[in-house]
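> In full-length UniProt numbering, the protein residues as written are 1 to 521. Note that CB positions come from ideal geometry on N, CA and C, so glycine has one too. From a predicted model like this one, the values you see are computed outputs, not experimental measurements.
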Amino acid sequence: MAEETQKPEAAAAPSPAEEVVVEKESEQEAAPEKPADAVVEDKPAEAVEEEPKVEAKDTKVTESASFKEETNIAGELPDPQKKALDELKQLIQEALNKHEFTPPPAKDKDKPAPEEKKEEDQPATSAAETEVKVETEAPAPVEVKEEEKADPLVEAPAPVEVREEEKADPPIEAPAPETVVETEVVEKVSAADDDEVSIWGIPLLADERSDVILLKFLRARDFKVKDAFTMIKNTVIWRKEFGVDGLLDEELGNELEKVVFMHGFDKEGHPVCYNVYGEFQNKELYQNTFADEEKRSKFLRWRIQFLEKSIRKLDFSPNGISTIVQVNDLKNSPGPGKRELRQATNQALHLLQDNYPEFVAKQVFINVPWWYLAFNMMISPFLTQRTKSKYIAPEQVPVQYGGLSRDGEQEFTVADAATEVTIKPATKHSVEFPVTEKSTVVWEVRVVGWDVNYGAEFVPTAEDGYTVIVSKTRKVGPADETVISNSFKTGEPGKIVLTIDNQTTKKKKLVYRSKAKPYSE
Numbered sequence: 001m002a003e004e005t006q007k008p009e010a011a012a013a014p015s016p017a018e019e020v021v022v023e024k025e026s027e028q029e030a031a032p033e034k035p036a037d038a039v040v041e042d043k044p045a046e047a048v049e050e051e052p053k054v055e056a057k058d059t060k061v062t063e064s065a066s067f068k069e070e071t072n073i074a075g076e077l078p079d080p081q082k083k084a085l086d087e088l089k090q091l092i093q094e095a096l097n098k099h100e101f102t103p104p105p106a107k108d109k110d111k112p113a114p115e116e117k118k119e120e121d122q123p124a125t126s127a128a129e130t131e132v133k134v135e136t137e138a139p140a141p142v143e144v145k146e147e148e149k150a151d152p153l154v155e156a157p158a159p160v161e162v163r164e165e166e167k168a169d170p171p172i173e174a175p176a177p178e179t180v181v182e183t184e185v186v187e188k189v190s191a192a193d194d195d196e197v198s199i200w201g202i203p204l205l206a207d208e209r210s211d212v213i214l215l216k217f218l219r220a221r222d223f224k225v226k227d228a229f230t231m232i233k234n235t236v237i238w239r240k241e242f243g244v245d246g247l248l249d250e251e252l253g254n255e256l257e258k259v260v261f262m263h264g265f266d267k268e269g270h271p272v273c274y275n276v277y278g279e280f281q282n283k284e285l286y287q288n289t290f291a292d293e294e295k296r297s298k299f300l301r302w303r304i305q306f307l308e309k310s311i312r313k314l315d316f317s318p319n320g321i322s323t324i325v326q327v328n329d330l331k332n333s334p335g336p337g338k339r340e341l342r343q344a345t346n347q348a349l350h351l352l353q354d355n356y357p358e359f360v361a362k363q364v365f366i367n368v369p370w371w372y373l374a375f376n377m378m379i380s381p382f383l384t385q386r387t388k389s390k391y392i393a394p395e396q397v398p399v400q401y402g403g404l405s406r407d408g409e410q411e412f413t414v415a416d417a418a419t420e421v422t423i424k425p426a427t428k429h430s431v432e433f434p435v436t437e438k439s440t441v442v443w444e445v446r447v448v449g450w451d452v453n454y455g456a457e458f459v460p461t462a463e464d465g466y467t468v469i470v471s472k473t474r475k476v477g478p479a480d481e482t483v484i485s486n487s488f489k490t491g492e493p494g495k496i497v498l499t500i501d502n503q504t505t506k507k508k509k510l511v512y513r514s515k516a517k518p519y520s521e
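1. May I ask you to verify whether the stretch 462-481 touches the stretch 411-419, counting CB pairs closer than 8 Å and requiring at least 3?
2. Is the distance from the Cβ of Asn328 to the Cβ of Val272 below 8 Å?
3. Rounded to whole angstroms, what's the CA-CA distance from Phe229 to Leu91? Just pull it up for me.
4. Using the three-state DSSP reduction, which class does Lys418 fall into: helix, strand or coil?
5. With distance defined between alpha-carbon atoms, name the residue in Ile202, Gln305, Ala361 nearest to Phe242.
6. Mind checking Gly269: buried by the 16 CB within 10 Å criterion, or exposed?
7. When DSSP labels each residue in this structure, what does Glu23 get in the three-state scheme?
8. Take the Cβ of Gly491 as the centre, count every other Cβ of all protein chains shown within 10 Å, and call the residue buried at 16 or more, exposed below.
9. Sorted by chain position, which residues of the same chain lie with C-beta nearer than 8 Å to Thr323's C-beta, five sequence neighbours on each side aside?
10. Out of Leu307, Val497, Pro334, Val421, point me to the one whose CA is closest to residue 568's CA.
11. Using three-state DSSP, classify Ser485 as helix, strand or coil.
12. Taking C-beta to C-beta, are Val511 and Arg446 nearer than 8 Å?
13. Is the beta carbon of Gly494 closer than 8 Å to that of Lys472?
14. Which of the three DSSP states is assigned to Tyr512 in this structure?
15. Tell me the residue span of the alpha helix (DSSP H) that contains Arg209.
16. For Glu129, which residues from the same chain have a beta carbon less than 8 Å from its beta carbon, with the 5 sequence-adjacent residues on both sides left out?
17. Taking Cβ positions, are residue 522 and Phe458 nearer each other than 8 Å?
18. What residue ranges within the UniProt domain "CRAL-TRIO" (249-392) form continuous beta strand (DSSP E) runs of no fewer than 3 residues, ordered along the chain?
19. Looking at Pro80 and Phe223, is the spacing between their C-beta atoms short of 8 Å?
20. Could you name the residues of the same chain whose beta carbon sits closer than 8 Å to that of Arg301, not counting the 5 residues immediately before and after it, in chain order?
21. Would you check if the distance between the CB atom of Lys509 and the CB atom of Thr422 is smaller than 8 Å?
22. Spatial neighbours of Tyr279 within its chain, please: C-beta separation below 6 Å, excluding the five flanking residues on both sides.
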């Protein structure tokens with residue numbers, strides 16, 4: 001049986017190549033070997049759900065390639081991209097001047113004005129007709145019809161004209177000011193709206209943060225300026241119609257907080273969002289979420305609200321983190337057979353793709369079922385090469401997904417880095433924590449799936465010293481313990497030695513971290 005010994009110089013500084021919680025393997029090995037393995041799918045960063053957006057059919061994904069996020073600093077952009085950014089700003093400024101970012105319903109408010117004017121004309125016409133009638137009726141008893149035509153107009157019809165003017169005055173004088181005022185108000189509101197057009201709390205044309213927003217739309221449309229402008233315009237109008245800004249303050253309940261949630265960061269500082277589709281195995285939750293159109297609409301509003309709140313926490317400065325990592329857990333997922341779930345997901349996907357471009361830096365899929373693998377084999381030739389790096393440090397990953405992050409008070413936090421190694425089949429692996437002074441050494445260790453033998457001992461540096469059994473070797477099963485935490489207080493130099501014996505025919509993933517706390521007598 002082979003034996004390996006690892007002596008970490010500093011447990012807090014593992015090599016980047018080793019800090020992998022979700023290991024990328026071939027698609028055929030991902031599901032059967034162990035549920036914690038991950039299948040990483042390349043997809044456009046504008047898609048926030050698990051289904052990819054098909055855009056570049058000619059692009060072939062190379063498994064060994066690595067994707068690096070493009071710069072958001074305007075001065076570092078290639079000349080064609082700088083030109084595209086400047087042209088997009090010009091189009092947006094022209095649209096703002098013309099008030100083109102106003103939703104169509106707002107324009108309908110101007111239509112009543114001409115109608116009121118028509119109504120205003122009607123009383124005047126009837127008054128004129130009345131005058132004509134008076135003129136034709138009054139001269140009737142007079143014998144001289146043509147020669148003294150003016151006399152009856154002075155004596156008889158004069159009072160009539162005054163009466164008709166008095167009757168006609170109210171409809172003419174009252175509506176006219178209202179019509180003018182209404183038109184002016186609509187125009188002022190529209191102008192004010194367009195002058196303050198913003199997305200995710202950032203004006204479209206303000207500072208460097210605005211450039212970061214505009215670059216997202218340009219990249220989503222391959223720097224085709226007119227297409228990017230159309231996308232921005234449609235997004236602004238959709239946000240106003242959907243009431244996104246007001247949605248932030250709506251109370252939509254917390255029933256879905258275990259379905260989608262943010263937890264920790266990846267190694268590059270991206271916030272990590274978890275989508276746990278297996279929660280919908282709960283029939284009551286499924287019915288309450290997707291049973292009818294009203295409930296699906298509420299789910300959509302909740303999903304948009306969650307995303308909006310998450311985006312507002314991002315840093316849109318040129319050097320900031322303005323994208324997230326998504327981990328999609330497909331364990332016990334209802335699958336494509338659930339019509340209601342499929343409808344809601346597709347509806348959400350279209351909205352997210354059209355209005356939230358370039359927000360997903362990485363997509364990680366875990367616990368992938370066979371039906372998804374089959375689906376993936378069909379769509380993989382059409383995926384664009386947007387994301388390849390997939391590393392999430394184990395201290396940032398919740399324990400249910402193979403990491404060390406737990407709720408409540410713990411000896412370690414997400415700031416304490418962990419090391420991850422792979423133990424080969426039929427191999428015994430040792431980890432050593434050096435002790436150079438009087439101290440209490442504490443450590444956490446876990447093997448994903450366990451089913452191994454674990455033991456710990458203290459070995460003093462002095463030749464005449466005695467080895468102390470800290471934890472007697474024992475078999476740890478998958479259901480026994482998620483994370484083993486232990487400590488040892490010593491007054492002499494030496495080392496703590498952990499031994500993990502993997503007697504199975506499968507490789508195992510080991511995650512651990514430690515620290516020493518000096519003490520004085």
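For this structure:
1. No contact exists between the stretch 462-481 and the stretch 411-419.
2. In this structure, Asn328 sits away from Val272, with a CB-CB distance that is not shorter than 8 Å.
3. Just so you know, the alpha carbons of Phe229 and Leu91 end up roughly 7 Å apart.
4. The question names Lys, but residue 418 in the sequence shown is Ala. Ala418: coil per DSSP, three-state reduction.
5. Minimum Cα distance to Phe242 is reached at Gln305.
6. For Gly269, the number of other beta carbons within 10 angstroms of its own is below 16, and it is reported as exposed.
7. Only weak support exists for where Glu23 lies, its pLDDT of 37 falling under 50; the coordinates are left without a value.
8. When all chains shown are included, Gly491 counts as exposed.
9. Hits under 8 Å: Ala45, Glu69, His270, Leu314, Glu358, Phe359, Val360, Ala361.
10. For the chain, the structure presents residues 1 to 521; residue 568 sits outside this window and is missing.
11. Strand at Ser485.
12. The answer is yes: Cβ separation under 8 Å.
13. No, these two residues do not count as a Cβ contact at 8 Å.
14. In the three-state reduction of the DSSP assignment, Tyr512 falls in the strand class.
15. Counting along the chain, the alpha helix (DSSP H) containing Arg209 begins and ends at 208-220.
16. Interpretation of Glu129 is limited by its pLDDT of 42, a score under 50 that renders its predicted location unreliable; the figure taken from the coordinates is listed afterwards. Contacts found: none.
17. Nothing can be reported for residue 522, as the shown portion of the chain is limited to 1 through 521.
18. 260-265, 271-276, 324-329, 360-366, all fully within the UniProt domain "CRAL-TRIO" (249-392).
19. In this structure, Pro80 lies closer than 8 Å to Phe223 by Cβ.
20. So the list reads Leu247, Glu250, Leu252, once near-sequence residues are dropped.
21. A contact, by the Cβ cut-off of 8 Å.
22. Contrary to the premise, residue 279 reads as Glu rather than Tyr in this sequence. Answer for Glu279: Lys258, Val259, listed in chain order.
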